[in-house]
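Trainee:
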Amino acid sequence: MSNEPARIRHHVQHRHPDDVRFCALCGSEMRLRPVLPDARQHKVCTGCGFVDFQGPKLAAGCAVADGGRVLLLRRGIAPALGKWTFPGGYVDLGETPQAAAAREVSEEVGLAVKLGGLLGLYADAAHPRVVVAVYMAEPGSGMPSTSEEASEVRYFAPAEIPWDEVAFATTKEGLRDWIARVTRS
Ligand SMILES: [Zn+2]
Numbered sequence: 003m004s005n006e007p008a009r010i011r012h013h014v015q016h017r018h019p020d021d022v023r024f025c026a027l028c029g030s031e032m033r034l035r036p037v038l039p040d041a042r043q044h045k046v047c048t049g050c051g052f053v054d055f056q057g058p059k060l061a062a063g064c065a066v067a068d069g070g071r072v073l074l075l076r077r078g079i080a081p082a083l084g085k086w087t088f089p090g091g092y093v094d095l096g097e098t099p100q101a102a103a104a105r106e107v108s109e110e111v112g113l114a115v116k117l118g119g120l121l122g123l124y125a126d127a128a129h130p131r132v133v134v135a136v137y138m139a140e141p142g143s144g145m146p147s148t149s150e151e152a153s154e155v156r157y158f159a160p161a162e163i164p165w166d167e168v169a170f171a172t173t174k175e176g177l178r179d180w181i182a183r184v185t186r187s
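So in my numbering, the last one in the sequence shown is 187, and the numbering has no gaps at all.
1) Using only the alpha-carbon positions, how far apart do residue 37 and residue 58 sit?
2) Below 8 Å, can you find three or more Cβ-Cβ pairs linking the stretch 105-119 to the stretch 73-91?
3) As a quick exercise: from 130, 137, 77, pick the residue whose alpha carbon is nearest that of residue 121.
4) According to DSSP, is residue 44 part of a helix, a strand, or is it coil?
5) To the nearest angstrom, how far is it from the Cα of residue 28 to the Cα of residue 48?
6) Verify whether the separation of the beta carbon atoms of residue 139 and residue 123 is less than 8 Å.
7) Suppose contacts are defined by Cβ-Cβ distances below 8 Å. Is residue 113 in contact with residue 81 by that definition?
8) Comparing the CB of residue 47 with every heavy atom of ligand 1, is any distance shorter than 7 Å?
9) Keeping to the same chain, check which residues put their C-beta closer than 6 Å to that of residue 6; ignore five residues upstream and five downstream.
10) For residue 138, which residues does DSSP report across the bridge?
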């Protein structure tokens with residue numbers, strides 16, 4: 003296998019963590035077993051005893067607001083290609099959610115932001131595999147611009163939000179909360 007940058011293959015990524023078969027530490031087979039103290043079922047290594055506690059992935063993003071309008075990007079990559087969402091992405095291990103939220107805005111739309119407080123934590127109740135932390139933010143230096151991940155970038159007033167073209171259930175929920183905040187202040 004070459005050392006070239008890898009492209010994400012979503013159909014492969016989505017097999018994790020359910021389809022994990024072998025221990026990441028020693029390579030032995032993993033089997034479902036009840037684990038004490040609460041005897042819930044987890045995959046346990048038959049070799050070294052490592053318990054694979056699977057949890058949701060944490061993502062973070064920003065509701066960047068300017069003059070009562072919120073910045074959304076049109077997704078340039080799968081999933082939800084062509085749909086609108088907040089700039090955001092997965093939090094890397096060793097990174098705070100706040101740092102990840104600001105980094106993703108910079109990477110996706112080329113804008114430095116000043117973070118405010120947490121808008122909310124969101125998970126799609128039908129598939130709660132990802133939890134998204136959305137922070138309030140104000141634009142700092144730079145102008146919003148497109149990237150490989152964002153084919154279009156613009157600010158939307160609450161009445162302009164294209165609800166039928168919003169990417170994820172978590173985006174919709176976050177946008178509703180953002181509107182509730184800006185319209186009551
Ligand atoms: Zn093991």
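Built from N, CA and C at the ideal position, the CB exists for glycine as well. Here the structure is a predicted model, which means the values were calculated and not measured.
Mentor: Reading from the atomic positions:
1) For residue 37 and residue 58, the distance between alpha carbons rounds to 19 Å.
2) The stretch 105-119 makes contact with the stretch 73-91: 3 or more CB pairs, one atom from each, lie closer than 8 Å.
3) Residue 121 has its Cα closest to that of 137, out of 130, 137, 77.
4) Strand.
5) Cα to Cα, the separation comes out at about 10 Å.
6) No, they are not a contact pair.
7) Not closer than 8 Å, so no.
8) Yes, the Cβ of residue 47 comes within 7 Å of a heavy atom of ligand 1.
9) Within the same chain, and ignoring the five residues on either side of residue 6 in sequence, no residue has its Cβ closer than 6 Å to its Cβ.
10) Per DSSP, 65.
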